[in-house]
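To start, the structure under review is shown below, and the notes come after it.
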Amino acid sequence: MRDIKVSASIMCGNPLKFGWELEKLEKSGADLIHFDVMDGHYVENIAMGIYMLEQMKKKTSIPFDVHLAMFNPEKYIEKFCDILDENDYLHIHPESTIHIHRVLRDIKKMGVKAGVALNPATNEDALEYLIEDIDIVLAMTVSPGFAGQKFIKQTLGKIKAIRERANEVNPDLLIAVDGNINKNTIPDCIKAGADVLVAGTSSIFKGEDADYKALMNEMRSCAD
Ligand code: DX5
Ligand code: ZN
1 MRDIKVSASI
11 MCGNPLKFGW
21 ELEKLEKSGA
31 DLIHFDVMDG
41 HYVENIAMGI
51 YMLEQMKKKT
61 SIPFDVHLAM
71 FNPEKYIEKF
81 CDILDENDYL
91 HIHPESTIHI
101 HRVLRDIKKM
111 GVKAGVALNP
121 ATNEDALEYL
131 IEDIDIVLAM
141 TVSPGFAGQK
151 FIKQTLGKIK
161 AIRERANEVN
171 PDLLIAVDGN
181 INKNTIPDCI
191 KAGADVLVAG
201 TSSIFKGEDA
211 DYKALMNEMR
221 SCAD
């Protein structure tokens, strides 16, 4: 059985209390912090930036899972990789840059784990010449940009196909699922081959009194 990790989507936390959120997530056993960077062009939303990541990285020892939902990430990967380390992941979308193979290679050269983020309608073929050289695939189960959306079940077939291909050429590849991940959708995602669950408003960010530890353990137990 694969080791299932929970990646808490910090953009779904209280933006006025991110420090408190990180402390609570650390105490609650979050495996990763999902950090959404959105440029308002690649997705119709503007989320957290480089300075925020720098401050958060200083605040917690939990590794980061940084999702660059932005055009031309190649302009910024050096800045991101200066902040991140070998325990962190940096995801880019194939549609967001011209030379994705080079960008991923550069991320790895700078000592950060490289990921490819696939929109719901992006075919797994986009990975064909990349899958052997990356550490993780971020399989979006909603269109990126906003929390609180509905799970797109057609993505399950894609996740299964990616896992099967990875078993042939890159068995250690992680597959993260991101969007409306909760006790109703986790079992199918795990069965399809996912092993990192992005936790947002559908699962743990349920207000100040939410018991993140219990809710994340519930997510992991859905995977059993
Ligand atoms: C979507 C974001 C995620 C996630 C939020 O672009 O990357 O943070 O959807 O979680 P949910 O879908 O549970 O609100
Ligand atoms: Zn995300």
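Quick note: the sequence shown, position 19, residue 19 per this note's numbering, numbers continuous.
Where a beta carbon is used, it is the ideal one built from N, C-alpha and C, also for glycine.
beta-carbon residue i near the ligand COA non-hydrogen atom, thresh 7 Å
i, result
"Gly-40", "No copy of the ligand COA occurs in the structure displayed; its ligands are the ligand DX5 and the ligand ZN alone."
Residue range of the alpha helix (DSSP H) that includes residue i
i, result
"Asp-82", "77-83"
"Phe-18", "18-28"
"Asp-31", "It is not in any alpha helix (DSSP H) - Asp-31 carries neither H nor E in the DSSP assignment."
Which of helix, strand or coil DSSP assigns to residue i
i, result
"Leu-173", "coil"
"Met-52", "helix"
"Val-103", "helix"
"Tyr-212", "helix"
"Ile-92", "strand"
"Gly-157", "helix"
"Asp-4", "Asp is not the amino acid found at residue 4; the sequence shown has Ile there. In this structure, Ile-4 counts as coil in the three-state DSSP scheme."
"Leu-127", "helix"
"Lys-183", "coil"
"Ala-139", "strand"
"Asp-39", "strand"
"Ile-10", "helix"
"Ile-46", "strand"
"Asp-133", "helix"
"Asp-178", "strand"
"Ile-162", "helix"
"Lys-58", "helix"
"Ser-221", "helix"
"Ile-190", "helix"
"Glu-74", "helix"
"Asn-167", "helix"
"Pro-144", "coil"
"Lys-108", "helix"
CB contact flag (residue i, residue j, <8 Å)
i, j, result
"Leu-127", "Ile-100", "no"
"Ile-137", "Leu-104", "Ile is not the amino acid found at residue 137; the sequence shown has Val there. It is not a contact, given that the beta carbons lie outside the stated cut-off."
"Gly-13", "Phe-146", "no"
"Phe-275", "Ile-46", "Outside the displayed range of the chain (1 to 224) lies residue 275, so it cannot be described from this structure."
"Gly-304", "Asp-85", "Since the first and last residues shown for the chain are 1 and 224, residue 304 lies out of range."
"Val-177", "Cys-189", "yes"
"Ser-7", "Asp-31", "yes"
"Phe-64", "Asp-39", "no"
"Met-70", "Ser-96", "yes"
"Asn-182", "Ser-202", "yes"
"Gly-200", "Ile-159", "no"
"Gly-29", "Lys-59", "no"
"His-67", "Asp-36", "yes"
"Ala-117", "His-93", "yes"
Run of the beta strand (DSSP E) containing residue i, from where it starts to where it stops
i, result
"Asp-65", "64-69"
"Lys-113", "113-118"
"Ala-199", "196-199"
Closer than 8 Å to chain C by CB, residue i
i, result
"Pro-63", "The chain inventory of the structure shown lacks chain C, comprising one protein chain alone."
Starting from the N-terminal end, write out each residue whose C-beta falls within a distance shorter than 5 Å of any non-hydrogen atom of the ligand ZN.
In chain order, the qualifying residues are Asp-36, His-67 and Asp-178.
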